[in-house]
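J.: Top line first, the protein sequences correspond to chains G and S. Residue numbering for the first sequence follows numbering that gives the first Met the number 0, beginning at 0 and increasing consecutively. Residue numbering for the second sequence follows numbering that gives the first Met the number 0, beginning at 0 and increasing consecutively.
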Amino acid sequence: MAHDVEVLSRGARVARALLNGYALAIYLFLFAPIVLLVLFSFNANRYGTFPITGWTLEWYRAAVSDYQVHGAVTTTLKVAAQVTLISAIVGTAAAFPLVRSRLPFREGIRIVLILPIMIPGLLIGVSLLVLFVSTFHWQLSEETAVIGQSVYTTPFVILLVAARLQGFDNALERAAADLGANTFQRLRRVVLPLIFPAILAGALFAFTLSLDEFIITYFLIGANNTLPIYIYTQIKFGITPEVNAVASLLLAGSLTLLAVAFALPQLVRRARRAVMRVTTA
Amino acid sequence: MTTVPPLADADSRPDTAGIDLRGVVKQYGTQAALRGLDLQIRDGEFFCLLGPSGCGKTTTLNLIGGFVAPTEGEIWIQGKRVDQLPPHKRPVNTVFQSYALFPHMSVLENVRFGLKMDRVPRDVSSERAAQALGLVGLEEFGSRMPAQLSGGQQQRVAVARALVKRPAVLLLDEPLGALDLKLRQRLQIELAQIHRDVGTTFVYVTHDQEEAMSMADRIAVMNGGRIEQLGTPEEIYRGPVSRFVADFIGDSNFFEATVEGAVAQLPDGSRVACAGGRSGAATLMVRPEAIVLHGGDGSIAGHVVQTSFLGSYIRIAVETPAAGAPVIVALRDGAAVPALGEGVMLSWTAADGVVLEPGPAA
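1. Using a Cβ-Cβ distance under 8 Å, would Leu263(G) count as near chain S?
2. Taking any Cβ of chain B, which residues in the stretch 84-104 of chain S have a Cβ under 9 Å from it, in chain order?
3. Measure the alpha-carbon distance for Thr48(G) versus Phe167(G) and round it to whole angstroms.
4. Drop a sphere of 10 angstroms on the beta-carbon of Met117(G), count the other beta-carbons inside from all chains shown, and report buried for 16 or more, exposed for fewer.
5. Taking the beta carbon of Tyr21(G) as the centre, do at least 16 other beta carbons fall within 10 Å, making it buried, or is it exposed?
6. Is Val317(S) helix, strand or coil by DSSP?
7. What does Ala270(G) reach in chain S if we use C-beta pairs closer than 9 Å?
8. For Trp58(G), which three-state DSSP category applies?
9. For Ser64(G), which three-state DSSP category applies?
10. Would a check of beta-carbon distances place Gly342(S) closer than 8 Å to chain G?
11. What is the residue span of the beta strand (DSSP E) that Met344(S) lies within?
12. Taking 8 Å as the CB-CB limit, is Leu169(S) close to chain G?
13. Please classify Leu266(G) as buried or exposed, where buried requires at least 16 neighbouring CB atoms within 10 angstroms.
14. In terms of alpha-carbon separation, which member of Phe261(G), Leu102(G), Ser64(G) and Leu178(G) lies closest to Val94(S)?
15. Are the C-beta of Met212(S) and some C-beta of chain G separated by less than 8 Å?
16. Does the CB of Asp117(S) have a neighbour CB from chain G at under 8 Å?
17. Report yes or no: is there a C-beta of chain G within less than 8 Å of the C-beta of Phe201(S)?
18. I need the DSSP call for His302(S), collapsed to helix, strand or coil.
19. Please list, in chain order, all residues of the same chain as Glu288(S) whose beta carbon is under 6 Å from its beta carbon, the five residues on each side excluded.
20. If you draw a straight line from the C-alpha of Arg268(G) to the C-alpha of Ala161(G), how long is it?
21. Does the Cβ of Trp347(S) have 16 or more other Cβ atoms within 10 Å, making it buried, or fewer, making it exposed?
22. Taking 8 Å as the threshold (beta carbon to beta carbon), is Gly113(S) in contact with chain G?
23. Between the stretch 169-199 of chain G and chain S, which residues of the former have a C-beta closer than 8 Å to a C-beta of the latter?
24. Under three-state DSSP, which class holds Val202(S)?
25. What's the C-alpha gap between Met212(S) and Val91(S)?
26. Does the structure place the stretch 273-285 of chain S close enough to the stretch 244-259 of chain S that three or more beta carbon pairs sit under 8 Å?
27. How many angstroms separate the CA atom of Arg121(S) from the CA atom of Ser307(S)?
28. Give, in chain order, every residue of the stretch 47-67 of chain S whose Cβ lies closer than 7 Å to some Cβ of chain G.
29. Can you pull the chain G residues whose beta carbon is under 9 Å from the beta carbon of Lys370(S), in chain order?
30. Met116(S) lies in the alpha helix (DSSP H); which residues open and close that run?
31. Select from Met221(S), Arg41(S), Ser269(S) and Leu265(S) the residue whose C-alpha is nearest the C-alpha of Ile248(S).
32. On the three-pair Cβ rule with 8 Å, is the stretch 155-170 of chain S touching the stretch 198-210 of chain S?
33. For Arg15(G), count neighbouring Cβ atoms within 10 angstroms of its own Cβ and tell me buried if that reaches 16, exposed if not.
34. Output needed for Ile85(G): all residues of its chain with C-beta closer than 6 Å, excluding positions within five of it in sequence on either side, in chain order.
35. Taking the DSSP output, what are the residues bridged to Gly230(S)?
36. Along the chain, where does the beta strand (DSSP E) containing Ile18(S) start, and where does it finish?
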């Protein structure tokens with residue numbers, strides 16, 4: 000690593016070493032529980048804690064064959080799929096006026112649209128609960144949870160797509176208009192293909208957030224269980240190794256999706272180039 | 000350039016005049032970008048809009064292209080009024096300054112885009128796109144992506160993409176601005192050749208007078224939202240109507256003078272030849288290459304303060320009481336070059352002493 004000053008006094012070297020050690024300790028404190036959770040999920044010890052008495056996949060087997068887990072996973076995926084779709088469409092549509100229109104108070108509108116990220120989930124959950132149940136007299140269901148989660152996830156899509164639109168070269172749209180493309184054709188042939196990576200990344204983000212969203216879902220889902228809520232209810236009866244396994248799977252799934260989301264722009268570009276080579280060769 | 004049949008066959012175009020701008024005004028808020036422009040561009044002509052930034056040349060181009068709506072006035076293209084039509088309904092295509100190639104499409108798809116929008120059948124559009132790429136010498140590059148091309152190649156693709164629809168008018172917005180000098184000169188020749196091949200009206204915007212002079216049939220020199228002078232490159236160079244035009248096109252020497260007939264009196268009292276045309280206080284303009292060093296009647300005296308060898312010619316600067324700034328003289332290579340500090344006599348023929356309205360010394 001390049002430092003601004005390479006020749007250091009002994010005191011400075013000691014101080015630097017202490018700072019590095021301190022940073023390491025903080026990271027350990029933050030991530031050790033997650034590492035332990037994964038570790039325990041493979042532990043043969045049936046109390047799901049130390050000591051480690053041997054290695055087993057038994058808890059994963061139990062988790063995968065548990066019908067309650069099945070139900071929770073199905074609900075989670077169904078909710079996440081709907082949340083993803085709503086966030087992607089609404090978020091993309093909202094990003095356009097935010098970047099391109101000359102609305103008065105555009106900065107204010109931007110802040111209002113982004114606000115749900117900063118509002119405590121508790122507040123979103125409770126206020127929607129009051130609205131749905133007391134005002135609309137709706138039955139709580141998967142759908143009410145979908146609406147609640149979308150309030151929270153859509154701003155992420157807005158942010159990502161707006162950033163991409165901000166960097167969009169307007170000359171491209173003018174060129175398309177010049178070559179005879181009407182508004183719809185410009186959107187479909189030029190603008191959407193170019194901002195697609197951002198929409199996809201936003202959608203994946205929304206999906207990941209939805210997977211382990213707890214607070215809003217807890218207030219709005221009624222009798223159903225998503226995976227986080229299932230894990231919570233299980234933990235009330237004591238931490239079982241099976242819960243560790245389920246949580247580890249959730250972790251693996253979330254991390255994979257996030258990795259894909261970050262690698263996506265690159266992948267899309269490469270895939271598009273490959274397709275192009277095949278079709279125009 | 001390869002021999003490709005012209006994209007636009009001459010007999011399919013109507014005979015009505017090319018482009019007609021009538022009293023066009025463009026206001027941005029209280030700022031006037033164009034102040035009443037009347038301009039006729041002939042069918043098939045290579046026309047240059049030349050001027051410094053902010054002179055209204057790009058606004059004029061955008062008005063013809065349909066990206067900007069006029070505040071007042073009418074725009075006609077080939078006998079059809081177009082000022083209320085959106086860009087995609089005008090018989091006009093544009094080569095943008097940044098090329099604006101679609102980065103997610105191959106070169107061939109870029110070129111074919113305009114035909115696709117017109118629902119031209121795929122086999123026909125492929126053939127015409129290939130033909131257009133041939134016109135710019137890029138027939139082998141159809142499957143490349145724009146990012147894989149050099150600046151000059153991207154520029155050619157932009158030209159092919161704009162020409163493939165056989166527009167009545169091709170607008171070019173400083174298309175060579177981003178390229179280095181050598182490439183720019185080569186592409187100037189190519190663009191002029193393409194223009195001859197296709198016979199489309201070219202309207203070319205630039206701030207580079209050399210670029211305008213090397214390609215254009217006619218040039219409109221613009222300044223402050225108005226056309227200052229319109230004519231062939233030679234007309235404008237030899238007979239600038241204002242100090243601005245003389246200064247903008249080519250190098251010039253300016254003298255404060257009092258003119259009477261074909262004689263101009265300079266501040267130091269010397270009397271020199273001029274073309275006349277105005278009497279009283281005036282500015283006398285003489286091109287560097289019009290000045291000869293041999294004294295005689297009607298010459299001014301000075302001494303050499305700088306000589307520079309510039310390859311094709313030798314430039315000397317002469318300080319003289321007759322002018323505020325040193326007078327620049329361009330000597331053809333091979334001429335006798337005076338030494339630094341040497342006294343010289345400068346003279347020119349009456350026709351080379353252009354009389355302009357009086358103005359502050361530069």
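Beta carbons are placed, not taken as given, at the ideal position from N, Cα and C, and that holds for glycine. Values in this document were obtained by computation on a predicted structure and should not be read as measured data.
T.: On the basis of the coordinates in this document:
1. Working through the first sequence from its first residue, we reach residue 263(G) at position 264. Interface flag for Leu263(G) against chain S is unset, since no Cβ pair is found closer than 8 Å.
2. Given the protein chain composition of this structure (G and S), no chain B is represented.
3. The count along the first sequence starts at 1 and reaches residue 48(G) at position 49. The count along the first sequence starts at 1 and reaches residue 167(G) at position 168. One C-alpha to the other measures close to 52 Å.
4. In the first sequence, the residue the question calls residue 117(G) occupies position 118. Met117(G) is exposed by the Cβ-count criterion.
5. In the first sequence, counting from the first residue as 1, residue 21(G) sits at position 22. Result: exposed.
6. Here residue 317(S) refers to the residue found at position 318 when the second sequence is read from its first residue. Val317(S): strand per DSSP, three-state reduction.
7. Indexing the first sequence from 1 puts residue 270(G) at position 271. Within 9 Å Cβ-Cβ: nothing; Ala270(G) doesn't reach chain S, min ~11 Å.
8. One-based indexing of the first sequence puts residue 58(G) at position 59. Note: Trp58(G) maps to helix in three-state DSSP.
9. Walking along the first sequence from the start, residue 64(G) turns up at place 65. Three-state result, Ser64(G): helix.
10. Here the question's residue 342(S) lines up with position 343 in the second sequence. Judged by the 8 Å Cβ criterion, Gly342(S) is not in contact with chain G.
11. Locating residue 344(S) in the second sequence gives position 345, counting from the first residue. The continuous beta strand (DSSP E) containing Met344(S) extends over residues Gly342 to Leu345.
12. Sequence index remark: in the second sequence, residue 169(S) carries index 170 (1-based). Under the 8 Å criterion on CB atoms, Leu169(S) is classed as non-interfacial with respect to chain G.
13. The residue you call residue 266(G) lines up with position 267 of the first sequence. Exposed, because fewer than 16 other Cβ atoms sit within 10 Å of the Cβ of Leu266(G).
14. For the purposes of this step, residue 94(S) is taken as residue 95 along the second sequence, with counting starting at 1. When Phe261(G), Leu102(G), Ser64(G) and Leu178(G) are compared, the shortest CA-CA separation from Val94(S) is found for Leu178(G).
15. Translated into the one-based positions of the second sequence, residue 212(S) becomes position 213. So no, Met212(S) is outside the interface.
16. Along the second sequence, one-based indexing puts residue 117(S) at 118. Yes, because at least one Cβ of chain G sits closer than 8 Å to the Cβ of Asp117(S).
17. Taking the first residue of the second sequence as position 1, residue 201(S) is located at position 202. Chain G has no Cβ within less than 8 Å of the Cβ of Phe201(S).
18. Your numbering for residue 302(S) matches position 303 in the second sequence. His302(S): strand per DSSP, three-state reduction.
19. Along the second sequence, one-based indexing puts residue 288(S) at 289. Here the set comprises Ala329.
20. The sequence position of residue 268(G) within the first sequence is 269, counting from 1. The sequence position of residue 161(G) within the first sequence is 162, counting from 1. Those two C-alpha atoms are separated by around 19 Å.
21. Within the second sequence, numbered from 1, the residue matching residue 347(S) stands at position 348. So Trp347(S) counts as buried.
22. Taking the first residue of the second sequence as position 1, residue 113(S) is located at position 114. Yes, Gly113(S) counts as interfacial toward chain G.
23. Those would be Ala170, Leu171, Arg173, Ala174, Ala175, Ala176, Asp177, Leu178, Gly179, Ala180, Asn181, Gln184, Arg188, Val189, Pro192 and Leu193, in chain order.
24. For this step, residue 202(S) is matched to residue 203 along the second sequence. The three-state reading of DSSP puts Val202(S) in strand, counting E and B together.
25. Counted from its first residue, the second sequence places residue 212(S) at position 213. Counted from its first residue, the second sequence places residue 91(S) at position 92. Distance between Met212(S) and Val91(S), taken at the CA atoms: about 24 Å.
26. Contact between the stretch 244-259 of chain S and the stretch 273-285 of chain S is present: three or more C-beta pairs spanning the two stretches fall below 8 Å.
27. Translated into the one-based positions of the second sequence, residue 121(S) becomes position 122. Translated into the one-based positions of the second sequence, residue 307(S) becomes position 308. Each residue's CA atom was taken as its position, placing Arg121(S) and Ser307(S) some 60 Å apart.
28. So the close ones are Gly64 and Phe66.
29. Beyond the ends of chain S as shown, which are 0 and 361, falls residue 370(S); an answer cannot be given.
30. Start at 1 with the first residue of the second sequence, and residue 116(S) comes out as number 117. Val106 to Met116 is the extent of the alpha helix (DSSP H) around Met116(S).
31. Taking the first residue of the second sequence as 1, we reach residue 248(S) at position 249. The residue with the shortest Cα to Cα distance from Ile248(S) is Met221(S).
32. Contact between the stretch 155-170 of chain S and the stretch 198-210 of chain S is present, because at least three Cβ pairs lie under 8 Å.
33. Residue 15(G) sits at position 16 when you count from the first residue of the first sequence. Exposed is the call here.
34. Along the first sequence, read from residue 1 onward, the residue named residue 85(G) stands at position 86. Excluding sequence neighbours, Ile85(G) sits near Ser149.
35. The count along the second sequence starts at 1 and reaches residue 230(S) at position 231. Answer is Ile218(S).
36. Mapped onto the second sequence, residue 18(S) falls at position 19. For Ile18(S), the enclosing beta strand (DSSP E) starts and ends at Ile18 to Tyr27.
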